[in-house]
Amino acid sequence: MVATALMIAHWNREHGARPRPLRITMPVDDRPRGTDMPIGNGTRLVEVPFAPAELTSVDRGSMPDLLRRTADRTRALKSLPRPQLGHGAALLTAPVVPVPWRAALTRGLRRAAAPWTSTTLLSNIGRIPYALDFGDTAGRARAVWFSAPARMPRGLTVTTASTAGRLHLALRWSRTLLSHGDGAHLRDLFEQSLHATQERHP
Numbered sequence: 005m006v007a008t009a010l011m012i013a014h015w016n017r018e019h020g021a022r023p024r025p026l027r028i029t030m031p032v033d034d035r036p037r038g039t040d041m042p043i044g045n046g047t048r049l050v051e052v053p054f055a056p057a058e059l060t061s062v063d064r065g066s067m068p069d070l071l072r073r074t075a076d077r078t079r080a081l082k083s084l085p086r087p088q089l090g091h092g093a094a095l096l097t098a099p100v101v102p103v104p105w106r107a108a109l110t111r112g113l114r115r116a117a118a119p120w121t122s123t124t125l126l127s128n129i130g131r132i133p134y135a136l137d138f139g140d141t142a143g144r145a146r147a148v149w150f151s152a153p154a155r156m157p158r159g160l161t162v163t164t165a166s167t168a169g170r171l172h173l174a175l176r177w178s179r180t181l182l183s184h185g186d187g188a189h190l191r192d193l194f195e196q197s198l199h200a201t202q203e204r205h206p
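This is the structure in structure tokens:
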């Protein structure tokens with residue numbers, strides 16, 4: 005999460021954007037992990053906020069505090085009870101509203117809320133503990149990538165997964181927001197930001 009926020013802040017500075025609060029959307033799946041775990045998509049979306057000052061002058065000394073604050077922030081957001089798609093979506097999916105009205109209202113609300121909607125979604129799949137073996141024909145997977153949709157106004161998705169001790173990153177973006185060459189630069193910025201979050205000992 006911190007590496008993604010630093011990547012975006014660095015990108016914005018490079019493109020002359022004034023410092024402003026940053027919000028990154030994150031899917032949360034808080035279903036119980038057990039044999040009775042419901043099947044299907046049980047995630048809900050939360051927005052993790054960052055103040056401009058948190059991301060403008062981060063150094064080796066202030067990084068542990070930023071990591072700790074972010075962990076506390078995400079933990080608090082995960083603990084809040086909330087409908088899967090949010091309160092607004094719960095209203096729009098109510099069966100009392102005709103489907104054509106819901107579709108038109110959803111499009112209108114998406115356009116109206118665009119200036120205040122986070123432009124980035126981070127989905128951390130986490131560690132895949134078992135081998136992805138597809139048999140004698142295809143063999144065992146050595147890398148894995150997942151990507152979430154990147155429809156505007158949320159035009160960038162960052163998805164991470166790890167297997168066999170390696171972290172795999174997938175960036176997906178809307179062409180309305182970024183061009184083809186921008187992806188490679190964002191990848192490099194993410195790598196720099198990820199290294200910056202690691203604790204270094206003399």
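Just so you know, we're using the numbering used here here: the sequence shown kicks off at 5 and counts up by one. Cβ coordinates follow ideal geometry from the N, Cα and C atoms, glycine included.
- Message: Applying the 10 Å Cβ sphere with the 16-neighbour rule, what's the burial state of Ala7?
- Response: Position 3 of the sequence shown, counting from 1, holds the residue named residue 7. Per the 10 Å Cβ criterion, buried.
- Shortest alpha-carbon distance to Ala152 belongs to which of Phe138, Thr161, Arg146 and Gly139? Against the sequence shown, residue 152 aligns to sequence position 148. Measuring from the Cα of Ala152, the nearest candidate turns out to be Thr161.
- Item | Contacts around Pro56, its chain only, beta-carbon distance under 7 Å, and the 5 residues preceding and following it disregarded | Looking up residue 56 in the sequence shown gives position 52. Closer than 7 Å at the Cβ level, and outside the excluded window around Pro56, lie Pro23, Arg24 and Pro25.
- Reduced DSSP category for Ala165 - H, G, I as helix; E, B as strand; rest coil: Walking along the sequence shown from the start, residue 165 turns up at place 161. The answer is strand: DSSP assigns Ala165 an E or B state.
- According to the Cβ coordinates, are Gly193 and His14 closer than 8 Å? In the sequence shown, counting from the first residue as 1, residue 193 sits at position 189. In the sequence shown, counting from the first residue as 1, residue 14 sits at position 10. The question names Gly, but residue 193 is Leu in the sequence shown. A contact, by the Cβ cut-off of 8 Å.
- Look at Ile129 and Ala165 and say whether their C-beta atoms are less than 8 Å apart. The count along the sequence shown starts at 1 and reaches residue 129 at position 125. The count along the sequence shown starts at 1 and reaches residue 165 at position 161. In this structure, Ala165 lies closer than 8 Å to Ile129 by Cβ.
- Message: Quick check: what's the CA-CA separation for Ala108 versus Gly65?
- Response: For the purposes of this step, residue 108 is taken as residue 104 along the sequence shown, with counting starting at 1. For the purposes of this step, residue 65 is taken as residue 61 along the sequence shown, with counting starting at 1. Taking the straight line from one Cα to the other gives about 50 Å.
- Message: On the DSSP letters alone, give me the boundaries of the beta strand (DSSP E) that Gly130 sits inside.
- Response: Counting from 1 along the sequence shown, the entry for residue 130 is found at position 126. Per DSSP, Gly130 belongs to the beta strand (DSSP E) from Thr124 to Arg131.
- Item | C-beta contact flag for Leu59 and Thr29 at 8 Å | Working through the sequence shown from its first residue, we reach residue 59 at position 55. Working through the sequence shown from its first residue, we reach residue 29 at position 25. Taking 8 Å as the Cβ cut-off, Leu59 and Thr29 do not qualify as a contacting pair.
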